[in-house]
Structure formats: C-alpha cells, structure tokens
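These protein sequence lines map, in sequence, to chains U and R.
The numbering of the first sequence is this note's numbering, which starts it at 3 and goes up by one.
The numbering of the second sequence is this note's numbering, which starts it at 3 and goes up by one.
Beta carbons: idealized from backbone N, C-alpha and C, even for Gly.
Number of protein chains: 2
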Amino acid sequence: MEYLKDILNDLIGINKGEWLEIKSFLQHREFKAKSPIIRAGEVARHIYFIDSGILRTYHINEGKEISTYFACDQQFISTFSSFITQSPSFEYLEAIEDSSVFRISYESLNTLYKKNSKFEKIGRILAEKNYLCVLERTLSMQTKTAKEKYQDFMNTYDKKILTRVPQHMIASFLGVAPESLSRIRREMLIS
Amino acid sequence: MEYLKDILNDLIGINKGEWLEIKSFLQHREFKAKSPIIRAGEVARHIYFIDSGILRTYHINEGKEISTYFACDQQFISTFSSFITQSPSFEYLEAIEDSSVFRISYESLNTLYKKNSKFEKIGRILAEKNYLCVLERTLSMQTKTAKEKYQDFMNTYDKKILTRVPQHMIASFLGVAPESLSRIRREMLIS
Numbered sequence: 003m004e005y006l007k008d009i010l011n012d013l014i015g016i017n018k019g020e021w022l023e024i025k026s027f028l029q030h031r032e033f034k035a036k037s038p039i040i041r042a043g044e045v046a047r048h049i050y051f052i053d054s055g056i057l058r059t060y061h062i063n064e065g066k067e068i069s070t071y072f073a074c075d076q077q078f079i080s081t082f083s084s085f086i087t088q089s090p091s092f093e094y095l096e097a098i099e100d101s102s103v104f105r106i107s108y109e110s111l112n113t114l115y116k117k118n119s120k121f122e123k124i125g126r127i128l129a130e131k132n133y134l135c136v137l138e139r140t141l142s143m144q145t146k147t148a149k150e151k152y153q154d155f156m157n158t159y160d161k162k163i164l165t166r167v168p169q170h171m172i173a174s175f176l177g178v179a180p181e182s183l184s185r186i187r188r189e190m191l192i193s
Numbered sequence: 003m004e005y006l007k008d009i010l011n012d013l014i015g016i017n018k019g020e021w022l023e024i025k026s027f028l029q030h031r032e033f034k035a036k037s038p039i040i041r042a043g044e045v046a047r048h049i050y051f052i053d054s055g056i057l058r059t060y061h062i063n064e065g066k067e068i069s070t071y072f073a074c075d076q077q078f079i080s081t082f083s084s085f086i087t088q089s090p091s092f093e094y095l096e097a098i099e100d101s102s103v104f105r106i107s108y109e110s111l112n113t114l115y116k117k118n119s120k121f122e123k124i125g126r127i128l129a130e131k132n133y134l135c136v137l138e139r140t141l142s143m144q145t146k147t148a149k150e151k152y153q154d155f156m157n158t159y160d161k162k163i164l165t166r167v168p169q170h171m172i173a174s175f176l177g178v179a180p181e182s183l184s185r186i187r188r189e190m191l192i193s
C-alpha cells in the first residue's frame, strides 16, 4: 500500500492525516486468475489499484473478446466510462493472473473530492490518462500497420504485460489476427 | 461571457471574486470562417469556449481530412491531447463559420488550479467528457453500421452542427463515404 501513498504524494502532495483518510476508504481484495471483477451490464462501483497481478478490460463484439486495456503492479484500472458515469458497463474487467488489489468506491472518491478539492486532481489526472490512452489506441488502429502497432504497444506497456498476457489478448487489443502477431514477433526476433 | 459564468457556477459553484479571477485570464478572439486556429505540429496553448460559431478538430490521414470533433455555442474545444501534454498536436483546430470565442491559456488554467484546487474539478470534468467522447466514437466505429453511427451523431450533437457543418466533414467523422451519408440521409427522410 506504500506504493499508492508514494504515487499520490508525488501527484498531489499528501500529509499523514490525508493519507489516513484515503486509507480508511481503501478495501483490499484478492482475485483468482480468470475471475470476473466487473461484468458488462453492471455498474462499475470501484476503481482498482493493483498491488500485484495483471488485470484487463475487454468487450465482446460479434462473439469475440476485444481487449481494451491492461494494467499490472502499481497501476489503476476500472471499466472507467461506467465508473465516471455510474451507468452500466459495456466492458468486462477480469484478473488475468492471481491479483491483489486495493479498491475505492465511487461514493468514497466523491466524499474525498468534497472534503478536500485537492483530491480532484487525482480524478483529473486519471481522466486525462484514460483519454490519452483511448485516443492513442484509436489513432493507432486507424493509421498504423500491425507491426507499428505492436512496436507502440511494446513502448507503452509494462514488460510484465508484454511477457505474461496471452498473445491472443494482445492481438485483439491491437486489432490484428493472432497469426499476424506471431509472425511479427518472429520477424522482430530475427531482425 | 455570462453563459460561461453560469456553466462554471453549475459545475463548481463560484463566487464573484472567483469569477473575476477567471475572467481576468480570459481573452476574446474572433476567427473568420475556414481560418486555422491550431495547426498540426504546433502545441495547443489554449482551451476555447465558443461564444458563437462552429469549430472543429481534424487530422490528416493519407492526404484526407478526418474530422474528430465539432463544437458550437457555449461549448469547449481544443486539440485536447496536445493541450494536456503540452506537446505538438497531431490535429488541426479550425473555425468552420465566423466564430467568437474566449480562450484561456495552459499557464492561466494551471495558475487557477494552484490558487484554488476547486478549479481542478473543471479540468477533471473536461477530461472525463473528452474521454467519453473519443471512447464513444471509437466503439461506434468498430461496432456500428453507417446508419447507426449517423443516428448516434444526431442524438449527440447540437442541431446547429447537424445542419450547418458540411456533409463531407460529418462523413469523415463517422468514417463513412460522403455518398453513403447522402443515401442514409435520404432514406431517413423517406422512412
């Protein structure tokens, strides 16, 4: 949990009392590999800070799972559009590996915002990060080759995600066929 | 400018002093139809609040203009990713019609954030709105028919934008050929 304290301190500068207040709202949860955390149609009630493990979001299009985001140790994740609008999620959130997380509820986060508006900055930074992430993915989908997309992915995502997330999940994230991704990876190893 | 005061008051509740502070940072600008406001490669130094007129963002892909956002009276616009990262924009911002705007600079907004963190909420709400907008567009692109996309566009965008933005700009936003959009519009008028 100390990591989260450091991240928040870097972000908004928090004193001991403020940290204790945030901490009082955090709930620890553990999820087994492949277990669902949020299902499509449910409202995302929490944002998750990953202590250890890997989580991903995905949606289902024409019967196929399309991965939309991956996060691992010391990163935040949720089905974010559902969380900020408090309306049913179109995405699923699941644990890829056994994962340990701290979660904070929508109500608790809003209580923090009301108590001290400096916490709004956390919400702003998270929203800006999510915005840049989805924008980058969209542009990449529209304008880049499969190889360029994979190179971007390697530059953006944590090594843990690159090496431990199943290839078909990464392929669906990139919008390329799993066979194409295998070929690209082989070519990159050779060249 | 009173509209902006009302919008901000609804959002974060501002007193007279706070409004005067915000107002002191606003600059009024007028742009002729078709004039560029931000060019790709430039850093977006401002966010724009539209008093009257229509603005759009677009990028160029394989020589073609792809519209990415439209805004009119009492709405905010910028090349947002460039603004929040203060790095070169991949998009253009231009006036579609003669437009009157109030702009605030990145530095001024950050001065407001530092002076009073309640202003962070404005940044959070803007970032969340931009996030939802790009996410919605991406999902729509991936999963919807041309007709569904146009129907979503009609439900989301202001009537002024629907009626006064040139059709080819809307077609590129939706990712459909201009002829397809004309056909869809004819069909919708008949049915």
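*Which partner residues of proline 168(U) appear in the DSSP bridge assignment?*
Per DSSP, none; premise fails for proline 168(U).
*What did DSSP end up calling glutamate 67(R) once you bin it into helix, strand or coil?*
Here glutamate 67(R) sits in strand by DSSP.
*Once you ignore the five residues that flank lysine 123(U) on each side, which residues in its own chain have a CB closer than 8 Å to its CB?*
Leu13, Ile14
_Between the CA atoms of glycine 177(R) and threonine 70(R) - distance to the nearest angstrom_ = 10 Å
*Taking DSSP as the reference, what is the three-state secondary structure of leucine 28(R)?*
coil
*When the Cα of threonine 87(R) is compared with those of Ile62(U), Asn112(U), Leu137(U), which residue comes out closest?*
Leu137(U)
_Helix, strand or coil, according to DSSP, for arginine 188(U) in the structure here?_
helix
*Can you find a C-beta in chain R that's less than 8 Å from the C-beta of glycine 125(U)?*
yes
*chain U beta carbons: is any one of them nearer than 8 Å to that of tyrosine 5(R)?*
no
_Whole-Å CB distance - asparagine 11(R) paired with tyrosine 133(U), under 8 Å assumed_ = Not a contact, Cβ separation roughly 25 Å.
*Local conformation of tyrosine 159(R) per DSSP, three classes*: In this structure, DSSP gives tyrosine 159(R) a state outside helix and strand, which the three-state scheme calls coil.
*What do you reckon, are the CB atoms on lysine 162(R) and aspartate 75(R) nearer than 8 Å?*
yes
_Whole-Å CB distance - glutamate 99(U) paired with isoleucine 56(U), under 8 Å assumed_ = Confirmed, about 5 Å.
*Ordered list of beta strand (DSSP E) runs contained in the stretch 29-98 of chain R, each at least 3 residues*: 29-33, 38-40, 48-54, 56-63, 66-74, 94-97
*asked:* Does the CB of threonine 140(R) have a neighbour CB from chain U at under 8 Å?
replied: yes
*Indicate whether at least one CB of chain U lies closer than 8 Å to the CB of threonine 145(R).*
yes
*Whether phenylalanine 121(U) touches methionine 3(U) by CB criterion (8 Å)*: no
*How is the beta strand (DSSP E) around serine 107(U) delimited, first residue to last?*
Where serine 107(U) is concerned, the enclosing beta strand (DSSP E) stretches over 101-107.
_Counting only Cβ pairs nearer than 7 Å, list the residues of chain U close to glutamate 130(R)._
Ile86, Ala129
_Inter-residue spacing [alpha-carbon to alpha-carbon] between arginine 166(U) and glutamine 77(U)_ = 16 Å
*Is any beta-carbon of chain U found at less than 8 Å from that of leucine 95(R)?*
no
*Could you give the distance in angstroms between the alpha-carbon of glutamate 150(R) and the alpha-carbon of asparagine 63(U)?*
16 Å
_Can you give me the C-alpha to C-alpha distance between isoleucine 186(R) and valine 45(R), rounded to a whole angstrom?_
38 Å
*Kindly indicate the opening and closing residues of the alpha helix (DSSP H) around methionine 3(U).*
It is not in any alpha helix (DSSP H) - methionine 3(U) carries neither H nor E in the DSSP assignment.
_Counting only beta-carbon separations shorter than 8 Å, does tyrosine 133(U) have a partner in chain R?_
For tyrosine 133(U), the nearest beta carbon of chain R is closer than 8 Å to its own beta carbon.
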